[in-house]
Every structure is written in structure tokens, then in C-alpha cells.
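First the structure, in the form of C-alpha cells, and then the observations on it.
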Amino acid sequence: MVPDIAFGSRTRVVLDVGCGVASFGAYLLSRDVLTLSIAPKDVHENQIQFALERGVPAMVAAFATHRLLYPSQAFEIIHCSRCRISWTRDDGILLLEVNRMLRAGGYFAWAAQPVYKHEEAQQEAWKEMEDLTTRLCWELVKKEG
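Per UniProt numbering, the sequence shown starts with residue 1, numbered consecutively.
In C-alpha cells:
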């Protein structure tokens with residue numbers, strides 16, 4: 001973890017993209033952090049229902065085709081773990097949307113399974129992500145694996 005995050009005090013509002021079974025949102029809820037979980041497609045309705053049953057706010061959001069309805073600088077952290085979103089496609093339009101929604105000093109936490117790190121496609125995706133985030137003036141805080 002990054003020490004500056006301080007869940008429950010400095011960090012109070014998080015967006016979890018590709019919520020899965022909402023385990024991250026449930027974890028943060030227990031630390032007094034409001035987490036909104038979104039699933040990118042209608043086929044993920046069961047995941048949304050599961051998140052809601054766990055007490056985590058959740059909804060389907062067409063992230064790849066529309067600007068999300070959240071205001072600019074709404075979230076301290078935007079989290080994506082194994083969400084299979086191509087953040088750099090179309091000149092990084094999706095990452096630009098993340099940049100719009102992040103508060104100044106906020107974090108974009110992008111996590112992937114380390115088992116794939118040696119695949120050429122994953123290495124290329126990481127290079128593209130590094131290039132785009134550098135152009136957005138983001139700073140890499142931590143990289144593992």
C-alpha cells in the first residue's frame with residue numbers, strides 16, 4: 001500500500017471499475033470509505049446484484065462509449081483490478097475520463113495478474129500505459145512484479 005492513501009481519513013470516495021464480486025468495495029466499506037463499483041457491460045448484472053447485496057453501491061456504466069455521469073474531481077482513487085479494459089485505446093480516451101474524475105493528488109490503481117507480465121501483449125500494454133500517463137503528468141508511485 002501507499003502510505004498517503006490513509007483510508008477513511010484522506011481517502012473517502014473511491015470508484016472501482018470492473019467490480020467483480022465487490023471484494024475491494026466491501027474491504028473499503030469496513031474502513032469508512034464510500035466505494036462505488038461499476039461494471040462496464042450489461043452482461044455483468046449478476047456482479048452488480050452481488051455487490052448491492054454486500055452493501056456496496058454498484059451500477060452498470062457504459063464506460064467505453066459515454067462520458068460517465070460523475071462530476072470532475074469526484075474520486076480520490078479510481079481502482080481497476082483485472083478489469084480487462086484497454087485504457088490506451090483510441091488515444092487513451094478512457095484514461096482521459098479517469099483523469100477528469102480524479103481529484104488533484106488522487107490515485108489511479110491499475111492491477112493485473114503478475115502471471116501474464118512476460119507476455120508480449122502485456123508488456124506492450126504497459127509501455128503504452130507508461131507513455132500515456134507520462135503525457136498526463138501522472139507519477140508512478142509503486143510498481144510490483
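Note that beta-carbon positions come from the ideal geometry of N, C-alpha and C, so glycine has one too.
Note that the structure is predicted; figures quoted are calculated from it, not measured.
By DSSP's criteria, T35 is part of a beta bridge. Which residues make up the other side? V14
First and last residue of the uninterrupted beta strand (DSSP E) at A6: First-last for A6: undefined, no H or E at that position.
Measuring CB to CB, does E76 end up less than 8 Å from V13? Judged by their CB atoms, E76 and V13 are nearer to each other than the 8 Å cut-off.
Could you pull out every residue in the same chain whose Cβ sits closer than 6 Å to the Cβ of F50, ignoring the five residues on either side in sequence? Correct list, in chain order: V21.
Between the segment 29–38 and the segment 50–68, can you find at least three pairs of beta-carbon atoms closer than 8 Å? yes
What do you reckon, are the CB atoms on P40 and A61 nearer than 8 Å? yes
Could you pull the DSSP bridge partners for F75 from this structure? L102
Under the three-state reduction of DSSP, which class applies to Y107: helix, strand or coil? strand
Which partner residues does residue 167 have in the DSSP bridge list? It is not possible to answer for residue 167, since the shown part of the chain is limited to 1 through 145.
Straight-line gap, P71 to R103 (C-alpha atoms, nearest Å): 10 Å
Considering A58, what are the terminal residues of the beta strand (DSSP E) in which it resides? A58 to V60
Less than 8 Å between the C-beta atoms of L136 and L95, yes or no? In contact: L136 and L95 (Cβ atoms closer than 8 Å).
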